[in-house]
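Asks:
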Amino acid sequence: MKTFLSGIQPSGLLHLGNYFGAIRQHVQSTAEPGEHFYFIADYHALTTVKDAQRLRELVRETAITYLACGLDPEKAVLFRQSDVPEVTEISWLLSTVSGMGLLERAHSYKDKLANGIKPSVGLFTYPILMAADILAYDSDIVPVGKDQVQHVEMTQDMAGYFNSAYGSEVFRRPEMRLQKSETMQKVPGIDGQKMSKSYGNDLWIFEEGKALKKRVGKIVTDSRPPQEAKDPKELFVFDLLALFLTSEELQEWQDKVAQGGEEAPGYGHLKMRLKDAMEEYFAPARERRKELLANPKMVDDILAAGAAKARARAQSVRDRALQACGLR
Ligand code: ADP
Ligand code: TRP
């Protein structure tokens with residue numbers, strides 16, 4: 013039986029990029045036969061969130077988001093990363109077989125440096141903790157977004173280093189499963205750059221009503237009038253609409269924009285279509301979120317049950333690793 017595992021950091025409210033690039037894939041994978049582990053990477057979030065109360069709230073919000081978006085706790089083990097402290101032990105073991113060079117090559121680390129972030133040691137060793145997350149559950153398949161590919165490759169390397177150092181198959185080599193749809197791999201934000209919490213250009217999946225209207229209204233456009241014919245490929249609002257509309261409807265809007273003239277929709281019109289489509293798409297999940305917010309005990313119970321199952325698995329892998337390297 014295959015084990016699926018993935019996680020997401022509770023570093024902010026989840027946006028369209030997080031949903032279409034990660035969460036949707038996680039939830040869909042649970043329909044496949046196998047064991048499914050999904051977790052909230054709160055140890056990882058400490059590299060950016062430095063406010064205890066906010067972190068607690070975000071962990072809860074992320075758990076609720078998973079559940080509201082359809083993750084069934086009967087089919088998947090949903091848990092908090094820090095409820096399984098064994099991963100930090102495994103992380104130490106992996107750090108002793110991983111070269112500095114491997115970590116220095118990490119794109120996400122280099123990007124953060126290039127953006128002027130003063131790195132902590134934790135940010136540098138982030139991929140080791142992520143490898144521990146994956147290896148601790150004998151994961152076979154790791155569904156991830158494009159930007160996490162290198163981290164999974166590093167995990168494969170670390171498993172290999174450890175196994176060859178101790179001459180046994182302690183860690184199982186995981187394979188990744190990448191989001192295939194290009195539309196979903198790189199969802200643009202309201203400024204046309206990649207949508208990201210850290211760029212302040214995101215659309216929260218549960219935004220609605222006036223607030224959503226206001227946010228969608230901020231999608232960057234130019235001052236050309238609706239009548240002027242335009243190349244739809246130049247308008248990233250279509251990349252957002254493509255997430256929700258049928259291909260027929262999308263094509264109709266694009267044709268009208270390409271033709272221009274009196275029939276052509278203006279930018280405001282396209283933005284309103286996006287608002288309505290997004291609101292409608294997430295309506296059932298928004299309702300479930302409200303129910304879950306009103307029922308904190310249920311969420312706590314799901315996370316506690318998940319932690320117990322996840323921890324039992326990680327303990328046996330940890331014991332195997334300690335045994336192999338002479339600490340037992
Ligand atoms: P953020 O950039 O907002 O901090 P994260 O780095 O926490 O997002 O990403 C969490 C998950 O969401 C990752 O698996 C990543 O691949 C996915 N993801 C983030 N932004 C996007 C995006 N704009 N398009 C597609 N997937 C995204
Ligand atoms: N690094 C991932 C992200 O930023 C979150 C994560 C932590 C993760 N540990 C993981 C994803 C293990 C998959 C497997 O989205």
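The numbering of the sequence shown is this note's numbering, which starts it at 13 and goes up by one.
All residues carry an ideal CB built from backbone N, CA and C; glycine is no exception.
Could you tell me the boundaries of the alpha helix (DSSP H) in which residue 19 lies?
Replies: Looking at the DSSP string, residue 19 is not in any alpha helix (DSSP H); the run it does join, the beta strand (DSSP E), is 15-20.
Asks: If you compare alpha carbons, which of 185, 126, 181, 130 is closest to residue 2?
Replies: Look at the range of the chain in this structure, 13 to 340, and you will see that residue 2 is not part of it.
Asks: First and last residue of the beta strand (DSSP E) that includes residue 90?
Replies: First-last of the beta strand (DSSP E) with residue 90: 88-92.
Asks: What is the residue span of the alpha helix (DSSP H) that residue 101 lies within?
Replies: It spans 98-107 - the alpha helix (DSSP H) in which residue 101 sits, taken as one unbroken run.
Asks: Do residue 90 and residue 22 have their C-beta atoms closer together than 8 Å?
Replies: Contact flag unset, no.
Asks: Report the three-state DSSP secondary structure of residue 146 (helix, strand or coil).
Replies: Three-state result, residue 146: helix.
Asks: Give me the residue from 302, 258, 25, 18 with the minimum Cα distance to residue 213.
Replies: Per the Cα distances, 25.
Asks: Would the segment 272-289 and the segment 305-314 be scored as touching if the rule is three or more Cβ pairs under 8 Å?
Replies: No, they do not touch.
Asks: Quick one: what does DSSP say residue 339 is sitting in, helix, strand or coil?
Replies: Correct three-state label for residue 339: coil.
Asks: State buried or exposed for residue 72, treating a residue as buried only when at least 16 other CB atoms are found within 10 Å of its CB.
Replies: So residue 72 ends up on the buried side.
Asks: Shorter than 7 Å, the distance from the beta carbon of residue 27 to the closest heavy atom of the ligand TRP, or not?
Replies: No, Cβ of residue 27 sits at least 7 Å from all heavy atoms of the ligand TRP.
Asks: Could you check whether residue 300 and residue 80 sit closer than 8 Å to each other, using their CB atoms as the reference points?
Replies: Yes, the pair counts as a contact, with Cβ atoms nearer than the cut-off.
Asks: Sorted by chain position, which residues of the same chain lie with C-beta nearer than 7 Å to residue 60's C-beta, five sequence neighbours on each side aside?
Replies: Once the five neighbours on either side are set aside, the close Cβ partners of residue 60 are 23.
Asks: Distance, Cα to Cα, residue 57 vs residue 235?
Replies: Rounded to whole angstroms, residue 57 to residue 235 spans 40 Å at the Cα level.
Asks: Cα separation between residue 264 and residue 38?
Replies: So the alpha carbons of these two residues sit roughly 32 Å apart.
Asks: According to DSSP, what are the bridge partners of residue 190?
Replies: DSSP, once it has assigned bridges, lists 156 as partnering residue 190.
Asks: Helix, strand or coil for residue 222, going by three-state DSSP, please let me know.
Replies: Reduced to three states, the DSSP call for residue 222 is helix.
Asks: From which residue to which residue does the alpha helix (DSSP H) around residue 246 run?
Replies: First-last for residue 246: undefined, no H or E at that position.
Asks: Just curious, the beta strand (DSSP E) that residue 211 is in, first and last residue?
Replies: No beta strand (DSSP E) contains residue 211, which DSSP labels as neither H nor E.
Asks: Would the beta-carbon of residue 129 be found less than 7 Å away from any heavy atom of the ligand ADP?
Replies: Incorrect: residue 129 has no Cβ contact closer than 7 Å to the ligand ADP.
Asks: In whole angstroms, what is the alpha-carbon distance linking residue 239 and residue 252?
Replies: If I take the Cα positions, the gap works out to 22 Å.
Asks: Quick one: what does DSSP say residue 44 is sitting in, helix, strand or coil?
Replies: Residue 44: coil per DSSP, three-state reduction.
Asks: Between 138, 187, 99, which has its C-alpha nearest residue 117's C-alpha?
Replies: Checking every option, the nearest Cα to that of residue 117 belongs to 138.
Asks: When the Cα atoms are used, what is the spatial distance from residue 140 to residue 92?
Replies: Cα to Cα, residue 140 sits roughly 18 Å from residue 92.
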